[in-house]
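A quick write-up on the structure given underneath.
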Amino acid sequence: MNPILLCQHCGNKTSHTIIEKGLEKEYAEFEDGVTYDIDIDLWFTKCDNCHKHSLFFCLNDNSDESSCLWPNERRIDQAVPKKINIAYKEAIKVKKISKIAFIILIRRSLEILCKHEKVNGKDLKSKIKKLGEFEIIPQKLTDMADLIRLLGNDGVHKTDITISDNEINLLDDFFLAIIEYIYIAPEKIKKIKNRIEKK
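Just so you know, we're using the numbering used here here: the sequence shown kicks off at -6 and counts up by one.
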């Protein structure tokens, strides 16, 4: 039976035909000092929906424990609040299918982030400004957030908008930089500090 995997080409979670298999052995050390030998299965696949090829790795031959190595899969750290995580995943799902849908949904993800950070304003522009004023994000990230807002507005209101793949990828990178700064980096710093303090 063909495994059900998330195709990074078409954005669908669908069956994949495994063309070739490989096996790698890795050695991992966890925070508590426990070490494990891990078997990593590599699958070179063809999506049964869009017929494009991908390279996945998974643990114990289990598709539920898989990740796409190529094309690069965007994953969100668990430090990111659930509602923001879900909104971003919805945007990523349509990224390769509809650029307009992606910029609208990535703008929505930013709206949800503002709500989570409890910044109020009459519109998204004023909320983004407050993210900077309250020092939740620095000015460069405020500028990135505002570009997401502007392109999102164009996606909603303009019928003749054209946007390149590069611009779509930049919007994706901008949003990831914002959540990295607010949620992921502080959690990483906290973990390292805790580890240092235990020594």
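By construction, the Cβ of each residue, glycine as well, lies at the ideal position given by its N, Cα and C atoms. Everything numeric in this text was worked out from a predicted model, so none of it was measured.
Item, Value
"Residue 36 burial status per 10 Å Cβ neighbour count (16 or more: buried)", "buried"
"Cross-strand partners of residue 2 (DSSP beta bridge)", "Looking at the DSSP assignment, residue 2 forms no beta bridge with any residue, so it has no partner."
"Sub-8 Å separation of residue 50 and residue 33 beta-carbons", "yes"
"Nearest to residue 117 (by Cα), restricted to the options 94, 131, 146", "146"
"Nearest-angstrom Cα separation, counted from residue 56 out to residue 186", "35 Å"
"From 15, 66, 65, 67, residue whose alpha carbon lies closest to that of residue 52", "15"
"Euclidean distance between Cα positions of residue 134 and residue 156", "21 Å"
"Distance CB(residue 4)-CB(residue 88) smaller than 8 Å", "yes"
"Whole-Å CB distance - residue 177 paired with residue 72, under 8 Å assumed", "5 Å"
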